[in-house]
Every structure is written in C-alpha cells, then in structure tokens.
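First to last, the protein sequences are chains L and B. The first sequence begins at 206 in the working numbering and counts up one residue at a time. The second sequence begins at 56 in the working numbering and counts up one residue at a time.
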Amino acid sequence: MHCEDESFNVSETTHDGAIATSEPPRSPDDGLSPAELAAKYGLTASGARPSLVEYVRRLWARRHFILAFSRAKLVAQYSQAKLGQLWQVATPLLNAAVYFFVFGVLLGGREGVPGGRENYVPFLVTGVFVFTFTQTSVLSGVRSISGNLGLVRALHFPRAALPISFSLQQLQQLLYSMIVLAVILLGFGHFPDWTWLLVAPILAMQLLFNTGLAMVMARLGSKTPDLAQLMPFVMRTWMYASGVMFSLEYMLRERAGAPEWLVSVAQANPAAVYMDLMRFALIDGYTVSDLPPYGWALAVGWAVLIGFGGFVFFWKAEERYGRG
Amino acid sequence: MAVAEKSPEKNATAASAGEGERRPTVIADDVHIVYRVYGGARGRGSATAALNRIIRRRPGGNVREVHAVKGVSFTAYRGEAIGLIGSNGSGKSTLLRAIAGLLPVERGKVYTDGQPSLLGVNAALMNDLTGERNVILGGLAMGMTKDQIEERYQDIVDFSGINEKGDFISLPMRTYSSGMAARLRFSIAAAKDHDVLMIDEALATGDKKFQKRSEARIRELRKEAGTVFLVSHNNKSIRDTCNRVLWLEHGVLRMDGPTDEVLKEYEEFTRK
C-alpha cells in the first residue's frame, strides 16, 4: 500500500528508542518548559479566534462546503416523500392557497390592493413567498449552531458557514417558489417586462439581510436554545405586521386610522420593504407611488446594516460555539 | 491510497530541524478540563425553578461541574502513534477534543503544530443522501478541495469496500448496514492528510478484513503526517498500531510509556 521510505525508517527507530527510556537522553530540549518548547518549534495554542480578515478568508476557502451543505440539506428534506422534489414547488403553492382562502375569501383582505381587486392573488403570493424567505432563514438560523452541535464539536470550519449555508438553502427553496410565482403571474395576465429584471438585485439584498439576521439569531440561539421555541411566534407577529396578505398602507391609514408616523415606521420594516419592492417589480399596476418613501435606500440600508453587522456579531463569539 | 508522495517532504522538514532531534507536534501542559452541565442537578428541573432562574438572571444551582481531566501533561512527537486507554468515563475523548481545540481548557495550555483534526466526519454526513454525495460532502467538510476529492474519490470508495457487494454507493446511506456506514465514514475521514489525527473508537466497527485495512491505513497516516492519537478499548488494535500509550484513569494520567509496558500494567489493573 505504501512505499516504505528508507530514511524515514531510520528516524523512526530512533524515535522508538528514545521513547522507551521515557525521558529523551541528551536532548537539547531538556530543561525547557512546555511554553518554551512550544515557542521553539512554532507550536501555537489552539482554539483562538482568528482576525476578521482571516475569518473571511477561511470562510471563502470553505465556499464549496457551504454550497454543498445547503444543497444536501435541501435534497435530504424531501428524500423520504413519494413525490420527492416535487414538494419543493408544492409546499409554497399550498401555502399560498391557504392564505388566499383565509384572507382573500373569508376575511376580504382584497380591499386597497394597488391595481385593484383582481391583483390580489399575485399580491398575496408574492408577499407570502418573499416573507417566507426571511421567516425560514431566521427559524433555521436560530437552530443552525444549537442543532448542529455534533458538527461543530467534531470539525474545524468557520462557524458562520452554518447560518450562511442555511440561508442559501432557503434561497434555493425560494427559487423553486419563484417558478410557481411566474406561472401564477402569467395566469393573471402579468407578462414579463423590464422591471422583472429587478428581482435579482432585490433578492441579493434580501439574502444579505436574511443571512445577517440568521447569524444574529444563530449566536443568540447557541447561548439560549429556548429561542427556537419562541421565534415562530415572533415571526408570525412580524408577518401580520408587515402586510403579507393585505395592503399595509390601506389597512393602517383607512381602516385603523393610524397616525402618519406609524404608517411610515410599519412600511420601513425590512420585510415590508422587500415585499413591496418585489411586488413593484413583478405586478403590473403596482407603481412607484405604491412604494414606501425611500424604498430602495431602505432596502440597501437594511441589507448592509444587518448583513455586515450580523456577521461581525457572529464572529465575535466564534471561539465559544459548541462549548460548555 | 494515493498519498504516498507527501512523506519525503515531511521527512525533510523533520531532518532540517536538527540531527536526531525529535520534533514535538502536541504539547499538553497541565491540562484541566471542566464540563458545565445545565439541568443536571436533581429537583431543580421544575418550570417554576426555571422561571425563577430567568428572572434572577443567573444559572443558579442548576449547574453541575464535572472535572473530566485533571492536570494532564505530555509531549507528542512527529512519527508517533499514541494510544489512549482507560476505563469508560476516564476522560479520553474529552482530552482529544481539547487537543483538537474543540473544547476549552479550564487551566493549563495545549500547544499544537498546525490544526489537529478529530476523525469526526460522521457529523457532516446525512443519512438521506447517497454514499456518493456523502463522500463529497464529508471531504468538503474536512476542508479538502474539490480537486482533491475528485482525485481520491475512487480510492475512498474502493477502500470502504462498499461496492464489493453491488452498487451501494449510489444508494442513500440510511439503507446501509451499520458496519457498512462505519466503513464509509472511516474511509472518508482517512482520505485526508492530517498533521495530527485523532481517532476515537473508529475501528471497533467493521469486519475483520476492514479492521486490518484500517489499521494499515493508520500506520500509513502516521508515517506521512506526524502524530496519530487512537482511543480504543481494544488492546490488540492499540498494540498493532501504537508505539506509545497514555493511560488515563479518573482524568489523571496514570502512565505514559511504550505500548508493551503500559498495556501490561493496564491489563493487570483491569483483571482485578
């Protein structure tokens, strides 16, 4: 199996001989303290946190692992189901159907949708898919360390690979949903135009935002696993407050009579911003005037703030994940 | 496996460090490891007690400390294969995790040459994926590049012997027998060149033939890489692969020396 190396065998014999006497005879290293010995041979204490630049470099070196891990998770998700990967598309479709039935038919949330009542279904489905992207990123992020302790305790890699990987998994999930969405849009007579191209930058910004948020949640969740129990309720509250199944502006201003500042605050929340931009990009009759003020600036701002802030926040505790 | 070309270069660096000099790879200096277990105390697990702790913002009396390793010191050198023995719960695995930098030490220091790796690729593998995808995923998780994995893919599959009884590598891992899965895991983990490799009870599984093959691979890794640590309750596999043995008992290093001497004492100790 292995070609024996002559010189190596010689040195190995001396190794063995030296060990037999348990203390190496006449070694120049005698009398050195462990710390001095370590310094002499360039040994380093393990388990220290790398610098931010070094951390990014290591993360980049692991990019293939991050991608492979996210794809593997995605495939494994439905591998036991008979319909298999078809569920990637069927799950979001069923979700949208339920919301349409509850909010569109039973509760009559169709009022006030930009472009008129017939826009409700595309409006709703776009909202559901875009919000689900953020929602699932947060929910998987909160478990990304605490649910993968085996991995964290066995292998060395920048821990940020986990929340990033989970966010990428959600992005791939969303791309399946986008196929469904495209079919629905066509069915409701919204044909592709140049604004559809805006989907790519919007998704990029939302991905950055989601990943940052997932990293914040990952660090908090690693310290307090109970957060995983709490987050579904937080996310549901966030969903109702962001206008996924109704027009936020119309509901707050016309129905609830809320003060102007409250409308602005609600519309500036990142989930609402990304949803509104996506609707603007995809739905005819959803015009610039329906966008919240400074919509694009807010989208970039949230992405940069949470994306980079979350990354630094996560990195600060790098050496403590999976311990204790 | 196709990793033989690495060894001459390593020997050269070892030789240039000085004539007959032994190059240390791992130095443990009075290492103490303390686990903190939450929820381990009796009678404190009720909801009201938990609420009370949250309100008071401190862990309270619910934390139990386990002093798993107490003041272990040793120096490991390039070219050594070191067996770790001791009864269950004596701190062997804990010590390995600390050397790998995956557990913090309470007191003392661990110095290492490069990044020691624990043979723990199993954690990255997914039962719902095919063996083929798991080979790639596991390799990437250990930090191998795509090219390296491609180059060694066939070696890994051949070494595991998974395909000896038909095309199993393209089936999901959940369909494997426990022995087959263990063989694939070891094959993936052993495919990488490690500076310091630590193996925790990996050889207990698999049939006789595979055990022989993996022991040979460990000897090979030791020659190429430097230092191999092996935790095992199988004295025979320790004797066959290791030239030095550390004996831990209750977290204390009881004996450190050549395999035969330590194993003799250990066998006498366990016979009682």
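Cβ atoms here follow ideal geometry from the backbone N, Cα and C, with glycine treated the same way. Owing to the predicted nature of the structure, the values given are computational and were not obtained by experimental measurement.
For residue i: DSSP bridge partner residues
i	result
B:H249	In the DSSP output, where bridge partners are listed per residue, B:H249 has none listed.
L:Y499	In the DSSP output, where bridge partners are listed per residue, L:Y499 has none listed.
B:H122	B:V89
B:W302	B:I140, B:M310
B:V286	B:L139, B:D255
B:P79	B:Y132
B:R162	B:H87
B:L173	B:M253
B:T167	L:T249, B:V81
B:V127	B:V86
Spatial neighbours of residue i in its chain, beta-carbon cut-off 7 Å, leaving aside the 5 residues before and after
i	result
L:L264	P363, A365, A366
L:P230	With a pLDDT of 48 at L:P230, under the threshold of 50, the modelled position of this residue cannot be trusted; read the value that follows with caution. Hits under 7 Å: none found.
B:V317	V300, W302, M310
L:R458	V468
L:G500	V478, D481, L482
L:A473	P497, L503
B:K147	L139, G141, V286, L303
B:Y208	V190
Buried or exposed by the 16-neighbour rule on C-beta atoms within 10 Å, applied to residue i
i	result
B:S278	A quick correction: the sequence has Lys, not Ser, at residue 278 of chain B. The residue in question, B:K278, is buried, as its Cβ has 16 or more Cβ neighbours within 10 Å.
L:S227	Confidence at L:S227 is low in this model, with a pLDDT of 45, below 50, so its placement is unreliable and the value that follows should be read with caution. The residue in question, L:S227, is exposed, as its Cβ has fewer than 16 Cβ neighbours within 10 Å.
L:V517	exposed
B:G98	Below a pLDDT of 50, predicted positions are generally treated as unreliable, and B:G98, at 49, falls in that range; the measurement from the model is reported next regardless. Exposed, by the Cβ-count rule.
B:T103	exposed
L:F306	exposed
L:G222	Here L:G222 scores only 36 on pLDDT, less than 50, and its place in the model is too uncertain to base an answer on.
B:T282	buried
L:A253	exposed
B:R162	exposed
L:G515	buried
L:V258	exposed
L:W443	buried
L:V335	buried
L:L402	exposed
L:G417	buried
L:W466	exposed
L:R441	exposed
B:A153	buried
L:W399	exposed
B:G134	buried
B:E219	exposed
B:V92	exposed
L:L435	exposed
L:T341	buried
L:V470	exposed
L:Q553	Lying before the first or after the last residue shown, residue 553 of chain L is absent from chain L, which here runs from 206 to 529.
Close beta carbons around residue i, own chain, < 6 Å, minus the five adjacent residues each side
i	result
L:Q374	S275, K278, L279
B:E304	G141, S145
L:R358	G527
L:T339	N415, A476
B:Y321	I140, W302
L:Y491	P319, G320, R484, F485
Residue i beta carbon near the ligand MG (any heavy atom closer than 7 Å)
i	result
L:D481	Although the ligand MG was asked about, the structure shown includes no ligands whatsoever.
Proximity of residue i and residue j at Cβ, strictly below 8 Å
i	j	result
B:V251	B:K125	no
L:V449	L:V333	yes
L:T249	B:T80	no
L:Y269	B:K201	Looking at the sequence shown, residue 269 of chain L is not Tyr but His. Cβ atoms of L:H269 and B:K201: closer than 8 Å.
B:V165	B:A83	yes
B:A123	B:M253	no
L:R424	L:F519	yes
L:I407	L:V294	no
B:G194	B:I204	yes
B:F284	B:L158	no
B:A178	L:L291	no
L:P297	L:D495	no
L:E316	L:Y455	yes
L:S447	L:L412	no
L:A433	L:R525	no
B:I224	B:A246	no
Other residues of its chain near residue i: CB distance less than 8 Å, five sequence neighbours each side excluded
i	result
L:M420	G346, A365, P368, I369, G515, F516, F518, F519
B:M228	L180, M181, N182, D183, L184, T185, G186, N189, A236, L239
L:L288	A295
B:L226	T185, G186
Whole runs of the alpha helix (DSSP H) within the segment 377-456 of chain L, excluding any shorter than 4 residues
404-428, 432-446
Quick check on the DSSP output: what are the complete alpha helix (DSSP H) runs of length 4 or more inside the segment 166-247 of chain B, in order along the chain?
186-196, 201-215, 233-245
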